[in-house]
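Contents: one structure, followed by commentary.
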Amino acid sequence: MTVDVRGSLILNSTVAVIGPARDGIGLSWLVGPDLEEEINQGHLESVLDSFALERAGYFLYFPRANANIKVVRTFIDFMRDR
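Start counting the sequence shown at -2; every next residue gets the next number (the working numbering).
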């Protein structure tokens, strides 16, 4: 039986992202040594390189209520200035 599923597949693990990409389910955005190994072994290929960011940046998730706690605010400001 085949079921047509609509929507996005969102994953937060490199290992979990590599599997669907290797299976041809769609495009994946990956960085790091795991990706390089997959490309070198011929399992994945790099596409849309001209749109790639030189540096992905940092992402910080925290409850909004904590945004003004001094240590959190100091860290946010420090990272924003990098």
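Note that the Cβ used here is the ideal one computed from N, Cα and C, for glycine as well.
Identify, in the order they occur along the chain, each residue of the same chain with its Cβ nearer than 7 Å to the Cβ of residue i, setting aside the five sequence neighbours on each side.
i, result
"Leu57", "Ile73 and Met76"
Considering only C-alpha positions, which residue in the set the options is nearest to residue i?
i, options, result
"Ser10", "Gly29, Gly21, Met(-2) and Gly4", "Gly29"
"Gly54", "Asp78, His40, Ala62 and Val14", "Asp78"
"Ile15", "Glu34, Val69 and Asn63", "Glu34"
"Leu50", "Thr(-1), Ala13 and Leu27", "Leu27"
Tell me the DSSP secondary structure of residue i in three-state form.
i, result
"Leu6", "coil"
"Leu50", "coil"
"Gly16", "helix"
"Asn63", "helix"
"Asp31", "helix"
Ignore the nearest five residues each way along the sequence and tell me which others in residue i's own chain have a CB closer than 8 Å to its CB.
i, result
"Pro17", "Leu6, Leu8, Gly23 and Ser25"
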